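Encoded as structure tokens, the structure appears first; notes follow it.
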């Protein structure tokens with residue numbers, strides 16, 4: 160826990176002076192005050208995160224954590240587990256949706272094997288940091304030991320710190336793991352205090368019978384494991400996934416290094432909920448990219464008190480929503496930095 164505690168202790172409040180300066184500048188730009196709505200709010204938040212009244216974020220990375228899940232043995236996914244390593248190889252080849260969208264957003268993609276069940280070959284762009292070859296079946300016992308959950312969190316922290324050493328201004332979360340909406344739903348049900356049936360969706364495309372089976376599996380897993388909501392790492396260990404734990408580390412490390420953390424959809428949202436329960440201050444560094452179709456994501460956003468930038472009926476994961484939202488972030492910061500003030504433009508300000 161030492162390194163995790165170090166990161167938590169480094170997460171401070173947002174820079175109030177930078178936020179005031181950013182808000183003051185917004186009020187001087189050639190537009191009615193508040194007329195750019197969320198773009199103005201986003202610029203002020205990022206000023207507070209970075210400590211700069213006119214920040215720009217050219218160096219971006221999407222950290223995609225990959226892991227498998229023992230609960231797939233319960234028939235909770237429409238896709239076989241073989242898809243996880245196949246998709247990781249697709250990421251590394253540059254052929255997945257996250258690669259296309261990240262290229263357009265000017266972001267690099269970092270792929271981390273924190274818990275894929277099969278062995279992946281050494282490939283450029285792949286960080287092999289496997290904690291275990293997938294989790295155990297949460298429906299019959301703990302998905303991980305507490306030590307494994309903490310180790311996976313550290314993998315996420317170390318992945319971000321390696322990128323910071325290369326130069327990083329913004330980090331985004333991504334995931335790959337067949338079956339991972341099941342542990343995510345379990346985490347959200349416990350940590351947000353929601354009925355299981357209200358936070359479970361169809362994932363990769365379950366039919367009605369599959370959806371009902373998934374609900375029963377999660378309810379059984381919660382009964383068997385008896386997680387304590389006041390112990391977020393314990394809940395993560397009992398009900399979560401290695402890639403979810405890795406994303407918790409990504410979020411905490413991003414906040415610790417004063418980076419905007421752009422959070423993708425439901426899986427990333429579950430990780431963000433865990434991270435915010437571990438360190439409430441980390442919430443201030445989160446930029447929620449979009450609202451997933453997955454029912455549980457609405458519960459995540461409510462629990463965190465966050466409004467997504469986009470609602471485009473997306474549910475792919477991988478970090479795709481984060482990559483799309485990066486364009487809005489760049490737009491918000493360009494307005495903050497490049498737009499003329501009333502005085503500079505010689506335009507009368509009625510106020």
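Numbering (our numbering), first residue to last: 160 to 510.
Glycine residues also receive a C-beta, built at the ideal position from the N, C-alpha and C atoms.
Nothing here was measured: the structure is a model prediction, and the numbers come from that model.
Comparing alpha carbon positions, the residue from 202, 342, 413, 230 closest to residue 319 is 413. Residues 240, 337, 338 of the same chain have their beta carbon placed closer than 7 Å to that of residue 231, with the five preceding and five following residues left out of the count. The count of Cβ pairs closer than 8 Å, one atom from the region 296-310 and one from the region 374-387, reaches three, so the stretches are in contact.
Taking a contact to require three or more Cβ pairs closer than 8 Å, the region 255-274 and the region 222-230 qualify as touching. Assignment of residue 226 by DSSP, reduced to helix, strand and coil, places it in the strand class.
Comparing C-alpha distances from residue 283 to each of 251, 246, 374 shows the shortest one belongs to 251.
Here residue 267 is bridged, per DSSP, to 220. In the structure shown, residue 479 adopts helical secondary structure according to DSSP, grouped into three states. The DSSP-derived three-state label of residue 246 is helix. Rounded to the nearest angstrom, the Cβ distance from residue 189 to residue 499 is 5 Å, consistent with a contact under 8 Å.
For residue 294, there is no enclosing beta strand (DSSP E), as DSSP gives it neither H nor E. Counted as a single uninterrupted DSSP element, the beta strand (DSSP E) harbouring residue 335 occupies residues 329-335. Judged by DSSP in its simplified three-state form, residue 474 adopts coil rather than helix or strand. In this structure residue 212 is in contact with residue 180, their Cβ atoms being roughly 4 Å apart against a cut-off of 8 Å. Under the criterion of beta carbons closer than 8 Å, residue 214 and residue 492 qualify as touching, at roughly 6 Å.
For residue 350, the enclosing alpha helix (DSSP H) stretches over residues 340-350. Within the DSSP secondary-structure output, residue 286 pairs in a beta bridge with 271. Within the same chain, and ignoring the five residues on either side of residue 460 in sequence, the residues whose Cβ sits closer than 8 Å to its Cβ are 428, 447, 450, 466, 467. Closest in alpha carbon position to residue 365, among 453, 457, 306, 287, is 453.
Separation of the CB atoms of residue 405 and residue 306 is rounded to 15 Å, and the pair is thereby denied contact status at 8 Å. For residue 445, the enclosing beta strand (DSSP E) has its first and last residue at 445-447.
When the alpha-carbon of residue 482 is set against those of 506, 421, 431, the nearest one is in 421. Across the structure, residue 288 and residue 244 are spaced so that their CA atoms are roughly 14 Å apart.
Within 10 angstroms of the beta-carbon of residue 342 lie 16 or more other beta-carbons, which makes it buried. A Cβ-Cβ distance of about 5 Å is found for the pair residue 323 and residue 416, placing them in contact under the 8 Å criterion. Closest in alpha carbon position to residue 442, among 171, 162, 478, is 171. DSSP places residue 203 in the uninterrupted alpha helix (DSSP H) bounded by 196-209. The Cβ atoms of residue 433 and residue 407 lie closer than 9 Å to each other. As DSSP reads the structure, residue 422 sits in a beta bridge with 447.
The alpha-carbon of residue 359 is positioned some 27 Å away from that of residue 444.
By the Cβ neighbour-count rule, residue 504 is exposed, with fewer than 16 other Cβ atoms within 10 Å of its own.
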